[in-house]
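Working notes, beginning with the structure itself.
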Amino acid sequence: MVRFIGFGAGLVFVLALIIGALMPREATVEDPIKKIHLYPRHAQLSHDGPLGLGVFGTFDRAQLQRGYQVYKEVCSACHGLQRIAFRNLGDLGFTDAEVKALARAAEVPSINPQTGEPATRPALPSDHLPPPFPNETVARLANNNALPPDLSLIVKARPDGQNYIYSLLTGYDKPVPAGHDVPVGLHFNPYFHSVNIAMAKPLNDGQISYADGTEATVDQMAKDVTTFLRWASEPELEIRRQTGVATMIFLFILSILSFLTYRKVWANLK
Amino acid sequence: MSFPWANQYQPKSPFMQWVDSRLPVPRLVYNAVGAGYPVPRNINYLYNFGVLAGVALMIQIITGIVLAMHYSAHITTAFDSVEHIMRNVNSGWLIRYIHMNGASFFFIVVYIHIFRGLYFGSYKAPREMVWMLGVLILLLMMATAFMGYVLPWGQMSFWGAQVITSLFSAIPLVGDAIRTWLVGGFAPDNATITRFFSLHYVLPFVILGVVILKIWALHIPGSTNPTGVDVQGPQDTLPFHPYFTAKDGFSLTIYLILFSAFVFFMPNSLGHPDNYIPANALSTPAQIVPEWYLLPFYAILRAFTLDFLWIPAKLWGVIAMFASIILLFFLPWLDTSRVKSATYRPLYKKFFWVLFFNMFLLGYVGAMPAEEPYVRIGQIATAYYFAHFLIIMPLLSFIEKPLPLPNSIAESVFAKSGKKPVTVAAAPAAAQPAPAE
Numbered sequence: 000m001v002r003f004i005g006f007g008a009g010l011v012f013v014l015a016l017i018i019g020a021l022m023p024r025e026a027t028v029e030d031p032i033k034k035i036h037l038y039p040r041h042a043q044l045s046h047d048g049p050l051g052l053g054v055f056g057t058f059d060r061a062q063l064q065r066g067y068q069v070y071k072e073v074c075s076a077c078h079g080l081q082r083i084a085f086r087n088l089g090d091l092g093f094t095d096a097e098v099k100a101l102a103r104a105a106e107v108p109s110i111n112p113q114t115g116e117p118a119t120r121p122a123l124p125s126d127h128l129p130p131p132f133p134n135e136t137v138a139r140l141a142n143n144n145a146l147p148p149d150l151s152l153i154v155k156a157r158p159d160g161q162n163y164i165y166s167l168l169t170g171y172d173k174p175v176p177a178g179h180d181v182p183v184g185l186h187f188n189p190y191f192h193s194v195n196i197a198m199a200k201p202l203n204d205g206q207i208s209y210a211d212g213t214e215a216t217v218d219q220m221a222k223d224v225t226t227f228l229r230w231a232s233e234p235e236l237e238i239r240r241q242t243g244v245a246t247m248i249f250l251f252i253l254s255i256l257s258f259l260t261y262r263k264v265w266a267n268l269k
Numbered sequence: 000m001s002f003p004w005a006n007q008y009q010p011k012s013p014f015m016q017w018v019d020s021r022l023p024v025p026r027l028v029y030n031a032v033g034a035g036y037p038v039p040r041n042i043n044y045l046y047n048f049g050v051l052a053g054v055a056l057m058i059q060i061i062t063g064i065v066l067a068m069h070y071s072a073h074i075t076t077a078f079d080s081v082e083h084i085m086r087n088v089n090s091g092w093l094i095r096y097i098h099m100n101g102a103s104f105f106f107i108v109v110y111i112h113i114f115r116g117l118y119f120g121s122y123k124a125p126r127e128m129v130w131m132l133g134v135l136i137l138l139l140m141m142a143t144a145f146m147g148y149v150l151p152w153g154q155m156s157f158w159g160a161q162v163i164t165s166l167f168s169a170i171p172l173v174g175d176a177i178r179t180w181l182v183g184g185f186a187p188d189n190a191t192i193t194r195f196f197s198l199h200y201v202l203p204f205v206i207l208g209v210v211i212l213k214i215w216a217l218h219i220p221g222s223t224n225p226t227g228v229d230v231q232g233p234q235d236t237l238p239f240h241p242y243f244t245a246k247d248g249f250s251l252t253i254y255l256i257l258f259s260a261f262v263f264f265m266p267n268s269l270g271h272p273d274n275y276i277p278a279n280a281l282s283t284p285a286q287i288v289p290e291w292y293l294l295p296f297y298a299i300l301r302a303f304t305l306d307f308l309w310i311p312a313k314l315w316g317v318i319a320m321f322a323s324i325i326l327l328f329f330l331p332w333l334d335t336s337r338v339k340s341a342t343y344r345p346l347y348k349k350f351f352w353v354l355f356f357n358m359f360l361l362g363y364v365g366a367m368p369a370e371e372p373y374v375r376i377g378q379i380a381t382a383y384y385f386a387h388f389l390i391i392m393p394l395l396s397f398i399e400k401p402l403p404l405p406n407s408i409a410e411s412v413f414a415k416s417g418k419k420p421v422t423v424a425a426a427p428a429a430a431q432p433a434p435a436e
């Protein structure tokens, strides 16, 4: 009985599918954007360690601090970093006093204790980095109706995130292919999914001056800010890798011991 | 339980004697996973995946309980609370990455376990109940994993919930009402996240209950084995402890090494980046895909493009997706071949490998956009899936000429080495627990 019903049901399913597969398809129009769009190119970043395997590498503190400088002087005009508190900047190699000073330079909303009216006060290390715009409407008004996303998780929120951010920031000077029209107010960037991005070219050679004397080329700044954003997305990265290596060594030894145990237990049988 | 030559529990210390005669839990453990459970001596490494699945379930339950202490099930706070776990909770990132990748590894282990069962005919009499409970666990796992994926309330959480729950609206007449009832509104919202959290917390314990029933049912006939020949005597078996605890212990360390490689060095490689973008009902992701372990069934869902026999294509997809798992319940009666192991079934073995490859093909198609050539490939692969179970397997039982089976397990083990079997079993002793005076 089960077999007869099953056989019938099977035949119906197979028929429906085979007829479906044989039906002619409407001619599909090839999306012209797909031809122009580029996949991210590889960003050689020191924290990915030997061979870029991402097993041993740690962040270069000087690079992290330079990246923070790029974020603060350029990106923070449009992009928030709301999941990072000033106290987290200690991870970048800043001393407690430096963190306090960085915080104090920023203003955060508060309430006037005398009048109860809205006011502002200098930030504390426990405060999060203040957003550039008070709300989405203001952000869109200032950016030609596009919304600059918060960057705290951006590296994890894009496929191949680290290479993607680097490629996006360095991908502005590519020539526009013949026959492709860039809409008014947008900018050509083949790494962006629609190849027309609302963000104007944010980085230009020599735009900022690094405290450590590193030359501020577009490529250098892109690498630095990408490294910084990687840290912002995965602040646990270094401790994760260290714990991982220790765990692996432990498990490797354990697996050898358990294999020997297994052999010993079975030895009298064979 | 099980075979008459099984070792009997003999408490060594007076304390254990005292406990055993009042509450025979030590005896229960001894008979379930100790020296009192005889196991076919020739089972291979594929038979370790049952124990590994149990470990994977426990890892999920323990890490899940800890995550629930820090998680906040509300649409305005869910995403932030997950990031709070990742950034501020001590070792929170570790717990969450274990839980996240643990779900994937649970499915990997269970899928291997199922294919092991298909290859060695573990679903056949007298183990039908064991198999059916297993299919039930698979269904519960899928529901649990789907709801868990919704909890971080990222873009894929939201849109996945949107797509999957809207499947129910394909049911004629009552579909929309069912969907509204499931979701708690017209679209996924706060009512959805709270109910999914509640169910996501309780279902793993339901799974645990079914696992216990499954082990109970398994211990009546005991495991199958690669020859598919039944156990005939003490020379065919070894006690679970220490022989298979040692073997399982070794395979567990290998499992943990592979698992750790993902948790520590590529924790997000199995997930979708869009789930790190907070849910936004106004922006649809370019492509909505479920987690990888549901992709084959997603491909089946999308394979139907034709309104056939007055049933719309969308409803066909929904029926087929559910049917693809429900039919597994009937497998013991669809395959009537007496021979269990595919090793001795030359034709079935070939079709088994086609099915195996076909599942990967379905998974690949499930991850691809709904355009040619993927749609056609998906249709043919789905057709094979149903044909395999509903048409080919029943027919094979009639056509196939199985190869000669070995006379016994012991013979197959010792035929090569030419040695005499070493038997490890106790002389039959009092089978009942001694009651307390």
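So the sequence lines, in the order shown, correspond to chains A and B.
Using numbering that gives the first Met the number 0, read the first sequence as starting at 0 and increasing by one per residue.
Using numbering that gives the first Met the number 0, read the second sequence as starting at 0 and increasing by one per residue.
Ideal placement from N, C-alpha and C gives every residue a C-beta, glycine not left out.
Annotation: Cβ neighbours of B/Ile253 in chain A (cutoff 7 Å, chain order): Ser254.
Per DSSP, A/Arg40 lies in no beta strand (DSSP E) segment and is marked neither H nor E. Boundaries of the alpha helix (DSSP H) harbouring B/Arg115: Gly91 to Tyr118, taken from the DSSP string. B/Gly316 has its alpha-carbon roughly 35 Å from the corresponding atom of B/Thr223. By DSSP's assignment, B/Thr236 forms a beta bridge with B/Pro39. If the five residues before and after B/Phe258 are omitted, its C-beta is found closer than 6 Å to the C-beta atoms of Phe104, all from its own chain and listed in chain order. Within the model, the alpha-carbon separation for A/Ile18 versus B/Val108 is close to 36 Å.
When C-alpha distances from B/Ile299 are compared across B/Phe2, B/Ala369, B/Gly232 and B/Gly248, the shortest belongs to B/Ala369. Under the criterion of beta carbons closer than 8 Å, B/Gly101 and B/Gln59 qualify as touching, at roughly 5 Å. No Cβ-Cβ contact shorter than 9 Å links B/Ala278 with B/Ser121. At least 9 Å separates the CB of A/Phe187 from every CB of chain B. Comparing alpha carbon positions, the residue from B/Gly133, B/Tyr96 and B/Arg126 closest to B/Tyr110 is B/Gly133. Non-local C-beta neighbours of B/Ala160 in its own chain, meaning closer than 7 Å and more than five positions away in sequence, comprise Val149, Pro187 and Thr191, ordered along the chain. Residues of the segment 136–160 of chain A with a C-beta less than 7 Å from any C-beta of chain B: Leu152, Lys155, Ala156, Arg157, Pro158 and Gly160, listed in chain order. Taking B/Ile74 as the centre and dropping the five residues before and after it, the same chain places the C-beta of Trp152, Asp188, Asn189, Ile192 and Ala278 closer than 8 Å to its C-beta, in chain order. Per DSSP, the continuous beta strand (DSSP E) segment holding A/Ser109 begins and ends at Glu106 to Ile110.
Annotation for B/Val24: Val18 place their beta carbon closer than 8 Å to its own, counting only its chain and skipping 5 residues before and after. DSSP, reduced to helix, strand and coil, places A/Arg120 within a strand of the structure shown. Among the CB atoms of chain A, one or more fall inside 9 Å of the CB of B/Ala319. Among the residues of the segment 16–33 of chain A, those with a Cβ less than 8 Å away from any Cβ of chain B are Leu16, Ile17, Ile18, Gly19, Ala20, Met22, Arg24 and Thr27, in the order of the chain.
Per DSSP, reduced to three states, the secondary structure at A/Ala84 is strand. As for any alpha helix (DSSP H) of minimum length 4 sitting wholly inside the segment 155–200 of chain A, the runs are 160–168, ordered along the chain. By the neighbour-count criterion, in which a residue is buried when 16 or more other Cβ atoms sit within 10 angstroms of its Cβ, B/Trp4 is buried.
Taking the C-beta atoms as reference points, B/Ser336 is found nearer than 9 Å to B/Leu395. Taking CB atoms only, A/Val194 has no neighbour in chain B less than 9 Å away.
Judged by DSSP secondary structure, B/Ala298 falls within the alpha helix (DSSP H) whose first and last residues are Leu294 to Arg301.
Taking C-alpha positions only, B/Leu202 is separated from B/Thr143 by approximately 6 Å.
Looking at the DSSP output, B/His199 bridges to nothing.
Per the coordinates, the alpha-carbon of B/Ser340 lies some 28 Å from the alpha-carbon of B/Ile379. Only Glu370, Glu371, Arg375, Gln378 and Ile379 from the segment 356–380 of chain B bring a Cβ to less than 7 Å from some Cβ of chain A. Counting of Cβ neighbours within 10 angstroms places A/Val137 among the exposed residues, the total staying below 16. When the alpha-carbon of B/Thr164 is set against those of B/Lys11, B/Val182 and B/Val262, the nearest one is in B/Val182. The beta-carbon of A/Met198 is placed no less than 9 Å from the nearest beta-carbon of chain B. Annotation for B/Leu346: the continuous alpha helix (DSSP H) segment containing it runs Pro345 to Ala366. Residues are counted here when their Cβ sits less than 7 Å from a Cβ of chain B; for the segment 239–250 of chain A these are Arg239, Arg240, Thr242, Gly243, Thr246, Met247 and Leu250, given in chain order. Contacts with chain A at 9 Å (Cβ-Cβ) include B/Lys246.
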